[in-house]
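Heads up, the thing below is written out as structure tokens.
Numbering (the numbering used here), first residue to last: 882 to 1199.
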């Protein structure tokens, strides 16, 4: 039996790199792997994972997709990690956010194949929820409050209308160790650790709640979905909340890092999210109920405390 071909869109981003590493760590290398990048394929990533094919693709125009067919072939599975995921960037340029976050160019390419049975795993966000209460379920009403959330909801609607074989993963804040080729955006746990280690007071919101999820748990969810689809051989139409098991404020996240690292907790200054203008509206409480994830995939994400320990342990090893 030939190996299934897996294509990761946005393979040079934070989740994308962790996912490529996760695939590469599976014994026997059961998949043929390729990834896309926007501007350049980092040398350190290519050196670390030399068996991967890399393709430059413009997700707005679709330029570059044809080269994938010629060198790699039609993918059996596509994991779409590519997005403009900084809410303020989406707010300042909504047209660009929509053109990248709603995967129309990808859809047009995949739907152009005569036999289109590709499984599309699409990364969405907890920001599709309004944020007015705790522990949202997948079938609760989606009322995003900012452009980022609206663009990701439009993407969900596009995927579920155009495709008959898909999984949409609504992820919370993803945290964990740095990637093979370090990403430029600040990573949540590392940022808190660095800020508190300077010995100055740092402000954190006490009234904004999330279910931060450890990156390797997100990787496990994606790999488990692929294995399930291959073994069962039937179409998938799934929307899943992918968060950690703890509903936490930013203050509680900071306190956890301080506790593990031995920082002075009195440096953590509690402020209200409403007291600071971030240039974008942010939902207050988009904590998620993850019981579907636990029951359907038999995956129990690690606690925030354990994830922070694993993250900091990995950082000190380097």
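Ideal Cβ positions, reconstructed from N, Cα and C, are used throughout, including at glycine.
Local conformation of residue i per DSSP, three classes
i	result
residue 940	coil
residue 1010	coil
residue 1121	strand
residue 1185	helix
residue 1041	helix
residue 1149	strand
residue 1170	coil
residue 1165	coil
residue 917	strand
residue 1129	strand
residue 928	helix
residue 1055	strand
8 Å contact criterion, which residue i and residue j should meet: CB distance rounded
i	j	result
residue 1057	residue 1192	5 Å
residue 1221	residue 1165	Outside the displayed span of the chain (882 to 1199) sits residue 1221, for which this structure offers no information.
residue 1006	residue 1033	5 Å
residue 1149	residue 1085	6 Å
Neighbour-count burial assignment, residue i, 16 or more Cβ in a 10 Å radius
i	result
residue 898	buried
residue 973	exposed
residue 1121	buried
residue 1254	Coverage of the chain is limited to positions 882 through 1199, which leaves residue 1254 absent and any answer about it impossible.
residue 1014	exposed
residue 1134	buried
residue 1093	buried
residue 1169	buried
Residue i - containing alpha helix (DSSP H), residue span
i	result
residue 889	From DSSP, residue 889 is part of no alpha helix (DSSP H) but of the beta strand (DSSP E) over 885-890.
residue 946	946-952
residue 1068	Neither: residue 1068 is in no alpha helix (DSSP H) and is coded neither H nor E.
residue 901	895-905
residue 1024	No alpha helix (DSSP H) contains residue 1024, which DSSP labels as neither H nor E.
residue 1089	Run containing residue 1089: none; DSSP gives neither H nor E here.
residue 1097	1096-1113
Span of the beta strand (DSSP E) around residue i
i	result
residue 1085	1083-1086
residue 1052	1047-1052
residue 960	958-961
Going along the chain, which unbroken runs of the alpha helix (DSSP H) with 4 or more residues stay wholly within the stretch 965-1004?
The alpha helix (DSSP H) runs lying completely inside the stretch 965-1004 and spanning 4 residues or more are 968-973, 975-982, 985-992, given in chain order.
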